[in-house]
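**Q** Numbering-wise (the numbering used here), the sequence shown opens with residue 38 and increments by one.
Backbone N, C-alpha and C fix where the C-beta goes; we use that ideal spot for every residue, glycine too.
Everything numeric in this text was worked out from a predicted model, so none of it was measured.
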Amino acid sequence: TWHTFLANHAHHLWAADLFTVPTRTFETLYVLVFIAHGRRELVHVNVTANPTAAWVWRQLMEATPWGQQPRHLLRDRDAVYGRDFRRRAQRMGIDAIATPIHAPKANAIAERVIGTLRRECLDHLIVLDEQHLGSVLSDFVAYYNQERPHRTLGLQTPELKPRPTAGPIRSRPVLNGLHHVYERAA
Numbered sequence: 038t039w040h041t042f043l044a045n046h047a048h049h050l051w052a053a054d055l056f057t058v059p060t061r062t063f064e065t066l067y068v069l070v071f072i073a074h075g076r077r078e079l080v081h082v083n084v085t086a087n088p089t090a091a092w093v094w095r096q097l098m099e100a101t102p103w104g105q106q107p108r109h110l111l112r113d114r115d116a117v118y119g120r121d122f123r124r125r126a127q128r129m130g131i132d133a134i135a136t137p138i139h140a141p142k143a144n145a146i147a148e149r150v151i152g153t154l155r156r157e158c159l160d161h162l163i164v165l166d167e168q169h170l171g172s173v174l175s176d177f178v179a180y181y182n183q184e185r186p187h188r189t190l191g192l193q194t195p196e197l198k199p200r201p202t203a204g205p206i207r208s209r210p211v212l213n214g215l216h217h218v219y220e221r222a223a
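1. Between which two residues does the beta strand (DSSP E) carrying residue 164 extend?
2. Give every residue of the same chain whose Cβ lies closer than 6 Å to the Cβ of residue 121, excluding the five residues on either side of it in the sequence, and list them in chain order.
3. Within the same chain, show all residues whose beta-carbon is closer than 8 Å to that of residue 138, passing over the 5 residues directly before and after it, in chain order.
4. Have a look at residue 167 and residue 65 and give me their C-alpha separation to the nearest angstrom.
5. Closer than 8 Å is the cut-off here; do at least three beta carbon pairs connect the region 188-208 with the region 80-88?
6. Starting from residue 53 and walking both ways along the beta strand (DSSP E), at which residues does that stretch end?
7. Helix, strand or coil for residue 83 per DSSP?
8. Ignore the nearest five residues each way along the sequence and tell me which others in residue 118's own chain have a CB closer than 7 Å to its CB.
9. Within this structure, are the beta carbons of residue 176 and residue 212 separated by less than 9 Å?
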């Protein structure tokens, strides 16, 4: 079954999805996310006003430096990937799997991450332009991967790091105070 495939290949599977964000001038920006299923890590996020197949391919190349690539890449059937995306990915050793039509649950982890980005970040601000959105997303990705606990990971973060167990607790604002991280001062 599909659920069994996802469970068996979680550590070698990434998901990709594209979503839109309006700006204050009602321009539409497009955000592409790549997420690793195993640790729920946001591997790569980028923004453009004009997504093309070449731009999407470049994002995949930037997300996979030094041969750190998934065996499987789950994506939807959006035309922005281009007709030869699967063939090009196979040459890199990546099996690009297109989800069935009208089946958002087939790429549920990517959809969930996009929902999290919206609820915990983008719904609380007005995006000025492409550069502003890129900066905000960069800060949120660092918070998401390094500080935000995930239920699926037993309230751990995607990027595990040692944390002090003694000392006073300090609050550190993230995204200009939209979120706060509470940590022990070393």
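**A** Let me spell this out:
1. Here residue 164 is taken as the residue at index 127 of the sequence shown, counted from 1. Note, residue 164: premise wrong, no beta strand (DSSP E); not H, not E.
2. Here residue 121 corresponds to residue number 84 of the sequence shown, with the count starting at 1. Excluding positions up to five away in sequence, the list is empty.
3. Counted from its first residue, the sequence shown places residue 138 at position 101. For residue 138, where only same-chain residues beyond five positions count, the Cβ hits under 8 Å are 114.
4. Start at 1 with the first residue of the sequence shown, and residue 167 comes out as number 130. Start at 1 with the first residue of the sequence shown, and residue 65 comes out as number 28. Answer to the nearest angstrom: the Cα atoms are 9 Å apart.
5. No, the region 188-208 is not in contact with the region 80-88.
6. Taking the first residue of the sequence shown as position 1, residue 53 is located at position 16. Counting along the chain, the beta strand (DSSP E) containing residue 53 begins and ends at 50-59.
7. Counting from 1 along the sequence shown, the entry for residue 83 is found at position 46. Look at residue 83 here: in three-state DSSP terms it is strand.
8. Translated into the one-based positions of the sequence shown, residue 118 becomes position 81. Within the same chain, residue 118 has close Cβ partners 90, 93 and 112.
9. Working through the sequence shown from its first residue, we reach residue 176 at position 139. Working through the sequence shown from its first residue, we reach residue 212 at position 175. Between residue 176 and residue 212, the C-beta spacing is below 9 Å.
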